[in-house]
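To start, the structure itself, in structure tokens.
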Amino acid sequence: MHRMVGGFYVFCYHWTMNDVIPSVGVIVFQGSNVLLVQKRNHPRQAYQLPGGQIEQGESVKEAALRELLETTGLKGDPTQVTVLPDEWSARIEKTYGVKIFSFKCVICKVYTGGIHENESAIPVWVEQSKLGELNLVPNTLMAIEAAARTLGAT
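With the numbering used here applied, the sequence shown covers 1 to 154.
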């Protein structure tokens, strides 16, 4: 929808809660590194936290552990996860259009296995001091910083 304002067309987007996709991001530290993924369907090849949509009837923790395994190959210990109190949002371009994601973040402190690529994501360990050099999905850095503060590992 658009309207004329001062001789210019202004495009108005009305987002409803039905347009917002409830999601989860998983924050995993390994020493001074943090785990990020590049989703293959992201047109800008931006880095983001492992994660994805929360399925119907799934808790935030359940979604986090499922998404961690699906996107990275790591199996998180369900007794060693912490849900951060904040909620972030991101307007993300996908190959099929722009989507609005509202996401909670979960810190996974204990995990088993090793990371491996799959058909949807390429997981990588990134030195925290290098995060500013990367093309990150909106709010990724703020979520990582909040997790580091929560763990006392600034």
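For each residue, glycine too, the CB sits at the ideal point set by N, CA and C.
Would you list, in sequence order, the uninterrupted beta strand (DSSP E) runs of no fewer than 3 residues that lie entirely inside the region 8-72?
-> 8-11, 20-27, 33-39, 51-53
Cα-Cα separation between L36 and V20, rounded to whole angstroms = 23 Å
Specify, as a first and last residue, the run of the beta strand (DSSP E) that E127 falls within.
-> 121-127
Under the three-state reduction of DSSP, which class applies to V5: helix, strand or coil?
-> Interpretation of V5 is limited by its pLDDT of 37, a score under 50 that renders its predicted location unreliable; no figure is taken from the coordinates.
When we look at the beta-carbon of L151 and count the other beta-carbons within 10 Å, is it buried (16 or more) or exposed?
-> exposed
Run through the region 89-121 for me and flag every whole beta strand (DSSP E) of 3 or more residues, listed as ranges in chain order.
-> 97-108
Measure the C-alpha to C-alpha separation of K99 and G57 and round it to an integer number of angstroms.
-> 22 Å
Collapsed DSSP secondary structure at N135 in the structure displayed | Here N135 sits in coil by DSSP.
Would you identify the three-state DSSP class for L74, choosing helix, strand or coil?
-> coil
Determine contact between the region 43-62 and the region 75-85, defined as no fewer than three beta-carbon pairs at a distance below 8 Å.
-> yes
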